[in-house]
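Start counting the sequence shown at 1; every next residue gets the next number (full-length UniProt numbering).
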Amino acid sequence: MQLIPLSALLAFLSLTSSAAAASDKPLKPCTAISPTTARFFDLNPMHRGPPAKDDNGKKKKSKDEDEGSSWHAKGYDYGANFTVNFCGPVVEELDKVVDLDKDLRKNVSAYYEQDGKTYAIGLENHEPVFRGRKLILNYTGGSLCPSSSSRRDLLPTTLDLSPREIVDGDGDDDDDDKNKDKDDKNKKKPSSSKRRKSSIISLLCDSDPLAKTSVSFVAAVDDCVYFFEGRSPHACGGVHVEKQALGPGGVFGVIVLIAVLVYLVGGCVYQRTVMHQRGWRQLPNYQMWAGIARFATDMFIILTSSCARFLPSRRGYSRVSLGQDSRGRSRRNDDEDRLIDNLDEEWDD
Ligand SMILES: *[C@@H]1O[C@H](CO)[C@@H](O)[C@H](O)[C@H]1NC(C)=O
Ligand SMILES: *[C@@H]1O[C@H](CO)[C@@H](O)[C@H](O)[C@H]1NC(C)=O
Ligand SMILES: *[C@@H]1O[C@H](CO)[C@@H](O)[C@H](O)[C@H]1NC(C)=O
Numbered sequence: 001m002q003l004i005p006l007s008a009l010l011a012f013l014s015l016t017s018s019a020a021a022a023s024d025k026p027l028k029p030c031t032a033i034s035p036t037t038a039r040f041f042d043l044n045p046m047h048r049g050p051p052a053k054d055d056n057g058k059k060k061k062s063k064d065e066d067e068g069s070s071w072h073a074k075g076y077d078y079g080a081n082f083t084v085n086f087c088g089p090v091v092e093e094l095d096k097v098v099d100l101d102k103d104l105r106k107n108v109s110a111y112y113e114q115d116g117k118t119y120a121i122g123l124e125n126h127e128p129v130f131r132g133r134k135l136i137l138n139y140t141g142g143s144l145c146p147s148s149s150s151r152r153d154l155l156p157t158t159l160d161l162s163p164r165e166i167v168d169g170d171g172d173d174d175d176d177d178k179n180k181d182k183d184d185k186n187k188k189k190p191s192s193s194k195r196r197k198s199s200i201i202s203l204l205c206d207s208d209p210l211a212k213t214s215v216s217f218v219a220a221v222d223d224c225v226y227f228f229e230g231r232s233p234h235a236c237g238g239v240h241v242e243k244q245a246l247g248p249g250g251v252f253g254v255i256v257l258i259a260v261l262v263y264l265v266g267g268c269v270y271q272r273t274v275m276h277q278r279g280w281r282q283l284p285n286y287q288m289w290a291g292i293a294r295f296a297t298d299m300f301i302i303l304t305s306s307c308a309r310f311l312p313s314r315r316g317y318s319r320v321s322l323g324q325d326s327r328g329r330s331r332r333n334d335d336e337d338r339l340i341d342n343l344d345e346e347w348d349d
């Protein structure tokens, strides 16, 4: 008798542990789990949505001035201010974006405006990545970068760290020729193979409870790659709640199940060792449960029999059946008890 709940408990425990181990399923977009600390990061709250509209379709006046627009980062000496959003495109509708197809305009996650033109510096990306402990979000595929030859005129040295050139000295001339050819081509017409503007946002945790998300511009390399630093309480990471496969109802059910098991096992042990009960009587509160069971079966018999007769003459019949049945039932119970007692005694020997 005691073995059944125990094995059930063991089976249940193995089930829950296997459910916890099955965390290989793909993550929600815009979330990441740190490989070093195993903390769970969800950047979705950092997404800025379109402005909340009231019933008349007018823009609601909200306490937060910035609500309903994307995140802004001052460019300072860069000469342009940046607009950035997380986990989705920017809220602002872009009419014209330099060197970007019409259907990709809706995907722009970061841009800036300069001389009346809108330059995209990256399309949306829902996969933050970890570089060591740093949480990085990169946006690629923006407007075309200014051609490298024009940059070369401005800057005396270009940042070219291609390892091939360092190792293979002979190839230098060929590469230079090739580069020159490419630059000439690019000058004539911008080809799709050219580099596009991209941005990299390094996200830092701001655990101050009053902290707000903020994005600041750090640097731009060759007007092509833009670096930002984001500070947010949402970049602090937390426990992965979704790993729990059970909902609130499931958790409640598990608690009830465990309570019932503890009641059964503990009650049996108590009745057996302290009260020296045997047979069905070692079940906790046997009298009460037996009474309930008897009542239920009696009710069932009363109802079915009255239905079978198609007559609502419940009074006379039920009394008779109740008396007969309970007598028969108690006799049967006694038989069962005796049988189990015999088994118990054999088992004890
Ligand atoms: C950037 O924004 C600041 C105010 O936030 C404004 O004073 C400045 O003129 C803007 N710069 C450009 C280039 O638009
Ligand atoms: C652009 O966004 C749409 C949905 O908004 C998506 O289906 C499409 O794949 C995105 N394209 C790129 C290149 O990200
Ligand atoms: C940009 O993010 C993608 C994943 O979305 C990743 O595969 C790629 O390595 C990242 N690039 C850089 C330069 O971090």
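By construction, the Cβ of each residue, glycine as well, lies at the ideal position given by its N, Cα and C atoms.
Checklist entry - Could you give the residue range of the alpha helix (DSSP H) that holds Gln-271? => result Gln-271 -> alpha helix (DSSP H) spans 248-273.
Next on the checklist: Suppose you measure from the CA of Arg-39 to the CA of Leu-204; what does that come to, to the nearest Å?
Outcome noted: 14 angstroms
Checklist entry - Taking Cβ positions, are Val-215 and Val-84 nearer each other than 8 angstroms? => result Yes; because the gap between Cβ atoms is below 8 angstroms, this pair is in contact.
Next on the checklist: For a test of the three-state rule: what should DSSP assign to Arg-164, helix, strand or coil?
Outcome noted: Model confidence at Arg-164 stands at a pLDDT of 48, short of 50, so the residue's coordinates are unreliable; what they give is reported in the following sentence. If DSSP states are grouped into helix, strand and coil, Arg-164 belongs with the helices.
Item to check | Nonlocal neighbours in the same chain, by C-beta distance under 7 angstroms from Leu-135, ignoring five residues either side | outcome: Hits under 7 angstroms: Ala-32, Phe-41, Pro-128, Leu-203, Ala-235.
Checklist entry - Relative to the alpha-carbon of Trp-71, which residue among Gly-79, Tyr-78, Gly-88 has its alpha-carbon at the smallest distance? => result Gly-88
Checklist entry - Since Gly-116 sits in a beta bridge, which residues does DSSP pair it with? => result Answer by DSSP bridge pairing: none, since Gly-116 is not bridged.
Next on the checklist: By the DSSP assignment, the alpha helix (DSSP H) with Leu-303 in it spans what residues?
Outcome noted: Per DSSP, Leu-303 belongs to the alpha helix (DSSP H) from 286-309.
Checklist entry - For the candidate residues Val-97, Asp-206, Gly-247, whose alpha-carbon lies nearest to that of Glu-229? => result Looking only at Val-97, Asp-206, Gly-247, the smallest Cα-Cα distance to Glu-229 is reached by Asp-206.
Checklist entry - Whose CA, out of Asn-107, Asp-223, Ser-143, Glu-124, lies closest to the CA of Asp-99? => result Ser-143
Checklist entry - Where Leu-137 and Ala-52 are concerned, what is the direct C-alpha to C-alpha distance, given to the nearest angstrom? => result 27 angstroms
Checklist entry - Does the beta-carbon distance from Gly-283 to Gly-266 come in below 8 angstroms? => result Before going on, a small fix: residue 283 reads as Leu here, not Gly. No; because the gap between Cβ atoms is not below 8 angstroms, this pair is not in contact.
Item to check | Same chain only: Cβ atoms within 8 angstroms of His-47, ignoring 5 sequence neighbours per side | outcome: Cys-30, Asn-85, Phe-86, Cys-87, Gly-88
Next on the checklist: Under 7 angstroms: does the beta carbon of Val-90 sit that close to some heavy atom of ligand 3?
Outcome noted: no
Next on the checklist: Taking DSSP's pairing of strands, which residues face Asp-42 in a bridge?
Outcome noted: Bridge partners of Asp-42: Thr-31.
Checklist entry - Out of Leu-339, Leu-210, Asn-285, Gly-238, which has the shortest C-alpha to C-alpha gap to Tyr-270? => result Asn-285
Next on the checklist: By the DSSP assignment, the beta strand (DSSP E) with Ile-200 in it spans what residues?
Outcome noted: 198-205
Checklist entry - To which residues of the same chain is Leu-104 closer than 7 angstroms at the C-beta, ignoring the five residues directly before and after it? => result Leu-123
Item to check | Proximal residues to Gly-279 (C-beta, below 6 angstroms), its chain only, five neighbours per side dropped | outcome: The beta carbon of Gly-279 is closer than 6 angstroms to those of Asp-337, Ile-340, Asp-341 in its chain, skipping five residues each way along the sequence.
Item to check | Where the beta strand (DSSP E) through Ile-136 begins and ends | outcome: 134-139
Item to check | Asn-81: CB within 7 angstroms of a non-hydrogen atom of ligand 2 | outcome: no
Checklist entry - Span of the beta strand (DSSP E) holding His-72? => result 71-73
Checklist entry - In terms of alpha-carbon separation, which member of Pro-45, Thr-36, Lys-74 lies closest to Lys-28? => result Pro-45
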